[in-house]
Amino acid sequence: MPELPEVETIVRGLRAKITHLKFSKVAVNLNKCVQESPQFFASSLEGRRILFVERRGKNIIIRLSRGNTLLIHLRMTGGLRWVPSHAPMEKQTHVVFSFRGHPWQLRFLDSRQFGRLSVEKSGAGGNLDSLADLGPEPLEISAMEFAARVRSKRRAIKPMLLDQHFLAGVGNIYADEALHRAQIHPRQRVEVLEDKILRRLYYALRQVLRGAIRAGGTSVRTYVDANGSAGGFQKLLRVYGREGGACRSCGTSILREKVGGRSSFYCPRCQRILKKDRSLSRKFIA
DNA sequence: CTGCATGTTAGGTT
DNA sequence: CAACCTAACATGCA
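Shown next as structure tokens:
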């Protein structure tokens with residue numbers, strides 16, 4: 006659930022709260038949530054100051070003094086809560102961060118225990134080894150770069166959008182929403198798509214991601230931000246989770262189908278599969 | 001009870 | 001190597 010817009014919302018909220026604070030105690034209640042040993046994890050953070058908070062793809066990056074970085078990936082059901090220290094512990098609270106001279110805590114929760122926290126030394130230019138394989142940020146690359154990247158692959162469009170090596174941060178919800186807005190079938194082979202259509206997809210994807218950030222993310226199941234507030238983009242979804250509902254563009258019933266192993270929602274009328282243009286290729290041969 | 005769900009990774013096959 | 005499929009992770013919900 007937390008995809009780029011949700012993680013961006015969390016990061017923005019966190020930034021205002023925890024920048025410049027210094028970790029006092031870090032308590033790990035569930036060892037498997039942290040990559041390293043709980044002792045090493047806690048001692049790598051305690052006594053260090055938070056310099057700034059940023060996002061890369063779906064990762065939350067908390068830069069610390071003396072070259073350490075706290076990395077958090079929420080996966081499916083992970084969440085962070087910024088609460089007064091005396092607030093009752095919510096169930097499934099796996100890590101608790103306290104700050105020197107501050108009456109509030111940051112807590113990590115995760116019902117399915119898939120989320121992961123780790124500490125890492127930043128390399129040259131602040132690079133982090135574990136994020137080295139991530140593709141570019143969809144809100145930072147140009148339309149030209151995007152098209153060139155798509156052209157280097159031969160596969161279906163939706164699994165490609167979900168591939169974090171291809172683009173960082175796009176998940177199931179925003180892939181479906183962008184494809185509907187660009188009128189592309191999730192199973193469409195990319196090698197058939199013309200420049201015009203790729204440009205349309207690029208702008209649709211950015212529009213969806215920006216709109217979702219503006220709305221504070223999409224709350225379909227469990228997602229709320231670090232202050233416990235729900236997002237608002239679920240009201241603006243055109244296809245995701247709307248199987249059987251009317252397409253907002255043409256009224257046709259929205260279908261749901263597995264593509265690359267994930268449920269995909271789309272309008273069979275607005276999003277048709279394009280076949281290779283045979284007349285073009287024949288002309289090419291002649 | 002069964003089946004399914006957001007993300008990622010590992011491992012295998014084509 | 002690229003693309004693709006499946007299973008696994010652990011829990012909650014319909």
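In our numbering, the protein residues as written are 6 to 291.
Note that the Cβ used here is the ideal one computed from N, Cα and C, for glycine as well.
Counting of Cβ neighbours within 10 angstroms places residue 64 among the buried residues, the total reaching 16 or more. Inter-segment contact for the segment 81 to 91 and the segment 43 to 55 is absent: fewer than three beta-carbon pairs are separated by less than 8 Å.
Beyond the five residues adjoining it in sequence on each side, residue 188 comes within less than 6 Å, by CB distance, of 275 and 276 in the same chain, given in chain order.
Residue 127 and residue 137 have their alpha carbons spaced roughly 12 Å apart. By the Cβ rule, the segment 9 to 20 counts as touching the segment 220 to 229, because three or more pairs are nearer than 8 Å. Between the segment 169 to 182 and the segment 232 to 247 there are three or more C-beta pairs closer than 8 Å, enough to call the two in contact. Per DSSP, residue 32 is not a residue of any alpha helix (DSSP H); the beta strand (DSSP E) it occupies stretches across 28 to 33. Here DSSP, grouped into helix, strand and coil, assigns residue 58 to strand. Using a C-beta cut-off of 8 Å, the segment 227 to 243 makes contact with the segment 77 to 84, since at least three inter-stretch Cβ pairs fall below that distance.
Beta-bridge partners of residue 177 (DSSP): none assigned. Around the beta carbon of residue 129, a 10 Å sphere encloses fewer than 16 other beta carbons of the protein chains shown; the residue is thus reported as exposed. The alpha carbon of residue 216 has as its nearest neighbour, out of 233, 239, 256 and 190, the alpha carbon of 239. Taking a C-beta distance under 8 Å as the contact criterion, residue 120 and residue 80 qualify as a contact pair. For the 8 Å CB-CB criterion, residue 98 and residue 57 do not form a contact.
Taking residue 19 as the centre and dropping the five residues before and after it, the same chain places the C-beta of 58 and 231 closer than 6 Å to its C-beta, in chain order.
Of 78, 70, 43 and 139, the smallest CA-CA separation from residue 7 is found for 78. Under DSSP, residue 251 forms a beta bridge with 258. In the three-state reduction of the DSSP assignment, residue 110 falls in the strand class, which pools E and B. Nearest Cα to residue 163 within the set 170, 195 and 73: 195. Distances from the CA of residue 149 to each of 201, 41 and 281 were compared; the closest alpha carbon is that of 201.
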